[in-house]
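Below is one structure, written out as structure tokens; the observations come after it.
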Amino acid sequence: MAKSKKTTDIPTLTETWSLPAAATFGSLVRAKGILLEIRAGLPTAVRKSLDYTVATLTLSMPEDAEAEFRHTAASVSKALESIEDLPVIPREIQDILSISTTERHRWLEDGRLKSAGTRTVKLRGRARQITFHVFDPKLVKDLLDHGTVDEWREHDKAAAAENRRRAAFKAKLARSLKKNKSSPKTAGSASSESPPLAGWDDFDLDGLLR
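Every number in our numbering is 616 more than the matching position in the sequence shown, counting from 1.
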């Protein structure tokens with residue numbers, strides 16, 4: 617006897633929103649970050665009804681949840697009104713600018729990468745919280761438009777080369793000083809400490825040294 621296939625209800629209420637490139641910067645990480653941000657503002661029960669596919673947010677809910685669907689759709693639309701101003705978080709700026717965690721930390725520490733403040737979140741399923749810097753999307757756009765990251769990398773490369781040169785010179789100087797310190801005394805210094813020659817006083821009295 618053949619097993620009967622279990623049927624699933626297919627949602628029939630859907631609405632979609634295109635995410636502007638000005639908000640995502642062409643980054644999938646940023647797009648998914650926007651999705652999570654909007655989901656966080658929705659009731660827990662409907663959060664997973666909103667999904668992301670190919671630069672588009674899609675809300676899908678069963679036909680019998682029309683009232684809840686309309687309310688949720690209105691919330692998503694409102695959240696998207698100011699989505700281009702949503703601060704950029706660390707993993708997003710690294711993906712957008714194609715930079716490493718080390719570069720982000722270094723440029724943030726020396727002031728080249730300006731922070732727009734900090735944000736504290738609680739890790740899901742954990743008691744502890746983490747605090748991290750966020751960045752102004754206008755700053756990110758400016759860095760992209762002007763190729764600033766490439767300039768910073770060239771600067772760092774030159775600085776690293778200079779630091780290596782100085783370190784090599786310092787090491788060479790230290791070796792030289794150590795070698796001179798451990799080498800035997802010169803002939804001149806040895807003769808000054810040697811005992812006087814026999815008959816030297818008589819030689820001096822004859823006036824030959826005057």
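Note that the Cβ used here is the ideal one computed from N, Cα and C, for glycine as well.
Limits of the alpha helix (DSSP H) - the one that residue i falls within
i: I712; result: P706 to L713
i: A790; result: T764 to S798
i: S698; result: Premise fails: S698 is in no alpha helix (DSSP H) and is neither H nor E.
Beta-ladder partner(s) of residue i, from DSSP
i: F641; result: F641 pairs with nothing; no bridge assigned.
i: T630; result: S676
i: V737; result: I746
i: D667; result: T674
i: F751; result: V704
Per-residue DSSP class, three states only, for residue i
i: L635; result: coil
i: L729; result: coil
i: L658; result: coil
i: S585; result: Examination of residue 585 is not possible in this model, given that the chain is present from 617 through 826 alone.
i: T623; result: Because the pLDDT at T623 is just 47, under 50, the model does not fix this residue reliably, and the point stays unresolved.
Contact under 8 Å by Cβ, residue i with residue j
i: V827; j: P753; result: Past the edges of the chain, shown from 617 to 826, lies residue 827, and the structure says nothing about it.
i: T688; j: T632; result: no
i: A647; j: L666; result: no
i: D711; j: V670; result: no
i: L702; j: I650; result: yes
i: V765; j: I715; result: yes
i: T747; j: T736; result: yes
Among the options, the one whose alpha carbon lies nearest that of residue i
i: G727; options: D667, E708, H749 and R655; result: H749
i: M677; options: V662, E725 and L644; result: V662
i: K757; options: R782, T628, L629 and S643; result: S643
i: A695; options: T736, L652, S731 and E682; result: L652
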